[in-house]
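Q: Quick one: this structure, given as structure tokens, is what I'll be asking you about.
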Amino acid sequence: MKERNRIRVFIDGKPYNMGGYESEEYLQSLANYINIKIEDLKHQVGFARLDRDIESVLIQINIADDLFKLRKSKEELLAQYTEKQQENLELKRENIGFETKLESLEKENKEL
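Position 2 of the sequence shown, counted from 1, bears residue number 13 in this note's numbering, the numbering being contiguous throughout.
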């Protein structure tokens with residue numbers, strides 16, 4: 012069984028203890044990502060005047076937005092991949108047909 016890692020991170024300047032089965036580097040990257048989101052929002056006009064709870068919800072919404080966009084992108088890429096696989100299969104079948112026809116023509120040519 013994997014060992015549980017624990018790490019102390021700083022999010023928005025405050026210390027937090029994080030734990031998980033992922034690497035310490037991964038856990039730190041999560042905290043870094045949240046800090047980047049917070050900094051991005053802090054640069055938006057009026058964000059600093061909002062209630063702390065509303066700030067927190069806006070941060071959560073922004074992170075959820077990133078997740079949803081990535082999921083949609085993944086689905087689109089998967090659909091494109093599936094389409095390309097189908098096209099590849101059709102081209103392989105077409106190629107087999109051409110090879111069969113070529114063999115038949117070569118055989119006919121020899122007979123002539």
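Just so you know, even glycine gets a beta-carbon here, dropped at the ideal spot from N, CA and C. The structure presented is a predicted model; accordingly, all values stated were derived computationally and were not measured.
#1: Please report the residue range of the alpha helix (DSSP H) in which V68 lies.
#2: For the 8 Å Cβ check, are there 3 or more pairs between the region 52-68 and the region 25-35?
#3: Do V68 and A42 have their C-beta atoms closer together than 8 Å?
#4: Contact defined as beta carbons within less than 8 Å: I believe I70 pairs with I49. What is the distance between those atoms, to the nearest angstrom?
#5: Could you give the distance in angstroms between the alpha-carbon of K118 and the alpha-carbon of E110?
A: Per the coordinate set shown:
#1: R63 to E122
#2: no
#3: no
#4: 6 Å
#5: Their backbone Cα atoms lie some 12 Å apart in a straight line.
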